[in-house]
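Notes follow once the structure below has been shown.
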Amino acid sequence: MSKPKDYTLLVIDDELQVRRFTEVSLSPHGYEVHSAESGREGIELGTKLNPDAIILDLGLPDMDGLDVLSSLKSWYQGPIIVLSVRDDEDSIVAALDSGAHDYIRKPFHLGELLARLRLALRNNQANQTSPVYTSGNLSVDLSSRRVTVGEREIKLTVTEFELLKVLIRHRGKVLTHNQILTEVWGPKSVEHIQYLRVYVGHLRQKLEADINKPRLILTEPGVGYRLQNLDLLKEGMTASEAALIAEKVD
-16 MSKPKDYTLL VIDDELQVRR FTEVSLSPHG YEVHSAESGR EGIELGTKLN PDAIILDLGL
44 PDMDGLDVLS SLKSWYQGPI IVLSVRDDED SIVAALDSGA HDYIRKPFHL GELLARLRLA
104 LRNNQANQTS PVYTSGNLSV DLSSRRVTVG EREIKLTVTE FELLKVLIRH RGKVLTHNQI
164 LTEVWGPKSV EHIQYLRVYV GHLRQKLEAD INKPRLILTE PGVGYRLQNL DLLKEGMTAS
224 EAALIAEKVD
């Protein structure tokens, strides 16, 4: 009798090799893998399965992957990870702005894919629970607006706290500059990336152990930022998997 799977995963990719590889490689790690080779089939299967996570290629034969992403995001609440050969900055930003949780470039390492999936699933579960966010020695009570690092209470300005709150709300997800600027300062502020960098610098000064080697607020070069949860990172990730992620965001 086979062991029941922990998660249901949908892979939407027109490459047979990728579909087979993900099924063979991820099944031993607790994933029940379903696959679709076209956008329409993926949308239909996604509606039927409501999987725990979706892996989506952008270069599909019948639809643009961004259109598939938009269709899925109209109802789907779980993480969608884009897995694509497109590695230009515009494609990455467009996918993240359309609601992708993460973006992995092909060719990819299995260890990185596993690590990204684990973090995405755990962050998605954590988002639905406590109003108190913890990461290492950082604790943020969103209801009382109290921030502590260890035993030390940290005073944040209204804007600094709003920025931190947005990062926490989307914990583990790559947020583009435009997404953060729109949520914190409004849609008319999307051109003020330098303004955002200043406030990220302020948060790092107050929250990071070493501002020159940030571990909480990570930079996605040319794209935006990601809030990394140190507790989730320690729970189920090997050193090699953590190194692969660090390699992508440093």
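Anchor point for the sequence shown: position 113 equals 96 in this note's numbering, and the numbering is continuous, going up by one each time.
Don't be surprised by glycine CBs; every beta carbon is placed ideally from N, CA and C.
The C-alpha of Glu15 is placed about 8 Å away from the C-alpha of Leu9.
With a cut-off of 8 Å on Cβ pairs, the stretch 124 to 135 is not in contact with the stretch 164 to 180, counting fewer than three such pairs. Going by DSSP, Gly25 is part of no beta strand (DSSP E) but of the alpha helix (DSSP H) stretching over 22 to 32. Spatial neighbours of Ala19 in its own chain (CB-CB distance under 6 Å, excluding positions within 5 residues in sequence) are listed in chain order as Ile(-5), Gly25, Leu28.
In terms of CA proximity to Asp50, Asp80 leads the group Asp80, Ala36, Leu96, Gly169. For Glu136, the CB contacts under 8 Å within the same chain, skipping 5 residues up- and downstream, are Arg129, Val130 in chain order. In this structure, DSSP gives Asp85 an extended state, which the three-state scheme calls strand.
For Gly61, the closest alpha carbon among the candidates Asp45, Ala77, Ile38 is that of Ile38. For Thr131, the enclosing beta strand (DSSP E) starts and ends at 129 to 132.
Counting along the chain, Asp124 sits inside the beta strand (DSSP E) bounded by residues 121 to 124. The DSSP-derived three-state label of Leu(-1) is helix. The Cβ-Cβ distance between Ile64 and Gly82 does not fall below 8 Å. Here Ile194 carries a coil assignment [DSSP, helix/strand/coil]. In this structure, Leu32 and His17 form a Cβ contact; the two beta carbons are roughly 6 Å apart against a cut-off of 8 Å.
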